[in-house]
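To keep things clear, I will list the structure first and then write my remarks on it.
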Amino acid sequence: MSVGPRPSSQDGRLAEIFGAPVAELYERAAVSLGAAALTRALELRSFLALAEEQVARVRDRVHEAMAPGRDMNELSAEELRFDAQWLAAALDARDGYRVALGQLLRTMPAQTAPVPSRPVQFAQPQITTTLPPTAAPAPPHAGAAPGHRP
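Count along the sequence shown from 1, then add 684; that gives the number in this note's numbering.
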């Protein structure tokens, strides 16, 4: 069994939808709260990668058993039957995970930039009005009490 992240057939699509390579998406999901869609997508991706690895292992085992240079006395119908059952189960799982991941990704809008860490603030509407034109400006001493003149 391999150690570390397994590749999956949907890694390119995930990177396209979320705007980052898969390794970065796992980092983003680890530090981001409230990224439920990303977390679900990465969980399905992990299950898909495991199922695809199982399909490849069985396929390789059957190819090795059926190799042209292989001794025909080593062939076992029982082992090949078991491998065929295992392959059918692994392909069913792979197909199910691909469908589930595809459905999830179809419902998501494309993201080209990381999701902001704070809520979006909307501009407040501004009401503009014009005042009616005023009469001529008042003289500088308008309304002042008359004083004594010498």
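Note that the Cβ used here is the ideal one computed from N, Cα and C, for glycine as well.
Next on the checklist: Here's the rule I'm using: 16 or more other beta-carbon atoms within 10 Å means buried, otherwise exposed. How should Glu748 be labelled?
Outcome noted: exposed
Item to check | Cβ neighbours of Leu785 in the same chain (closer than 7 Å, five flanking residues each side left out) | outcome: Gln694, Ala725, Leu728, Arg729 and Leu732
Next on the checklist: Suppose the cutoff is 6 Å on Cβ atoms and the five residues either side in sequence are ignored; what does the same chain contact list for Gln738 look like?
Outcome noted: Ala774
Item to check | Residues near Ala735 by beta carbon distance below 7 Å, same chain, minus five either side | outcome: If we look at Ala735 and ignore the five residues flanking it on each side, its Cβ neighbours are Ala774, Ala777, Arg778 and Tyr781.
Item to check | Proximal residues to Arg697 (C-beta, below 7 Å), its chain only, five neighbours per side dropped | outcome: Counting only Cβ-Cβ distances below 7 Å, and skipping sequence neighbours, we find Leu789.
Checklist entry - Anyone know if the C-beta pair for Asp767 and Val742 falls short of 8 Å? => result yes
Next on the checklist: In whole angstroms, give me the CA-to-CA distance for Pro800 and Ala740.
Outcome noted: Low confidence applies to Pro800: its pLDDT is 49, below 50, so where it sits in the model is not reliable enough to give any reading.
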